[in-house]
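Data block below; observations after.
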């Protein structure tokens, strides 16, 4: 394997016209979050919506059978297995080297992206799941800077987080920190996604409502829910972390079940607004392209989608533990025949209340005198 060389001079001068931007998504997330499945499902959805879509596989460890056909595959440039064997690196070190090698050979990437640009393709970048690459290491950030600033790509980072992390307050807090770190490190428009919502009922009861996890507000309750899981001296640190996240005020999540058309449709609308795709056809004369109209028409309130996801995947199969449960307007239907039984009973009770009992009548009667008793006996013929 050849050692990385300096970037080509021609690459430094390569620029695109601002009138012909390339749109796309940079899909990141920890291992197992569903990045590859997301790219395959998103490609299918956008293709049906009328867009030309190409998936760019930049994950050297993605050597299994992929659910999509990559238009560009980093495996053609560098092999993770070869790097590990030649340089004696582990999986993590090998991935870091592969991204550094790609950074030094962006001319290779430019040559393979040029035909896709000419076709007007919408690009999906499938990235490795090693979190250091998009939270700490600088190679990926510098690659994206070249794509966005020199090549005029309009990209949005899509941060996938497995929804099962919501079942544990500590894991959910870690997901918040990861999403915020990614947003600050990559410096791109970012949409955070809770993926695999259709499987959330398998993870057990949730400590809070779905809205709490999607809005990422009022995080002080996380420290209260975690109070029994760590020593008291760590409570203050947890509270401070929650305050830092809330002070930035940047985080919220979109729910996603990749096989649920409504959730994918709302997610596409959010992504199109973040990278400006939804406004691309407005400056041109005539009617916008069909896919532009499709995105511009998605103006439904997010709360409607949240209600749908709750009804489909939580309330139906999982009893969610609310912090302050309440039931509003719940009335039971009267049983058949209850009215017929109730009416006679009420009439009987009213009759008993209206008529004094025999004992009460006897108590109110005064005892008869001796003369009255004699007159009654004469009248009776006694």
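Numbering (the numbering used here), first residue to last: 18 to 399.
Don't be surprised by glycine CBs; every beta carbon is placed ideally from N, CA and C.
From a predicted model like this one, the values you see are computed outputs, not experimental measurements.
- For residue 229, the enclosing alpha helix (DSSP H) covers residues 227-232.
- Judged by their CB atoms, residue 60 and residue 288 are not nearer to each other than the 8 Å cut-off.
- At the C-beta level, residue 195 and residue 261 stay beyond 8 Å of one another.
- Two segments are said to touch when three or more pairs of C-beta atoms, one from each, lie closer than 8 Å; by this definition the region 47-58 touches the region 75-86.
- DSSP places residue 73 in the strand class (E or B) of the three-state scheme.
- About 14 Å separates the beta carbons of residue 223 and residue 270, which is beyond the 8 Å limit, so they are not a contact pair.
- Residue 218 sits in a helix when the DSSP states are folded into three classes.
- A contact between stretches requires three or more CB pairs, one per stretch, nearer than 8 Å, and the region 62-73 meets this requirement with the region 128-142.
- Going by beta carbons, residue 173 and residue 145 fall outside the 8 Å limit.
- Annotation: the continuous alpha helix (DSSP H) that includes residue 282 extends over 278-292.
- Going by C-alpha positions, residue 101 is about 11 Å away from residue 78.
- Here the alpha carbon of residue 197 sits roughly 21 Å from the alpha carbon of residue 171.
- In this structure, 182 is the residue among 182, 328 and 156 with its C-alpha nearest to the C-alpha of residue 47.
- Taken through DSSP and simplified to helix, strand or coil, residue 153 comes out as coil.
- For residue 177, the enclosing beta strand (DSSP E) covers residues 170-179.
- Runs of the alpha helix (DSSP H) spanning 4 or more residues and lying entirely within the region 87-151 occur at 97-104, 108-120 and 123-135, in chain order.
- Remark: fewer than three beta-carbon pairs, one from each stretch, lie closer than 8 Å, so the region 148-159 and the region 270-282 are not flagged as touching.
- Under DSSP, the beta-bridge partners assigned to residue 270 are 209.
- When DSSP states are grouped into helix, strand and coil, residue 46 belongs to the coil group.
- The Cβ atoms of residue 203 and residue 167 do not sit closer than 8 Å to each other.
- Residue 196: member of the alpha helix (DSSP H) spanning 186-203, first to last residue.
- Proximity to residue 331 across 216, 265, 241 and 234 peaks at 216, based on C-alpha coordinates.
- The beta carbon of residue 186 lies closer than 7 Å to those of 224, 239, 242 and 243 in the same chain, with the five residues before and after it left out.
- Distance from the CA of residue 105 to the CA of residue 81, rounded to the nearest whole angstrom, comes to 22 Å.
- For residue 55, the enclosing alpha helix (DSSP H) has its first and last residue at 52-65.
- With distances taken between CA atoms, residue 40 lies nearest to 142 out of 247, 231 and 142.
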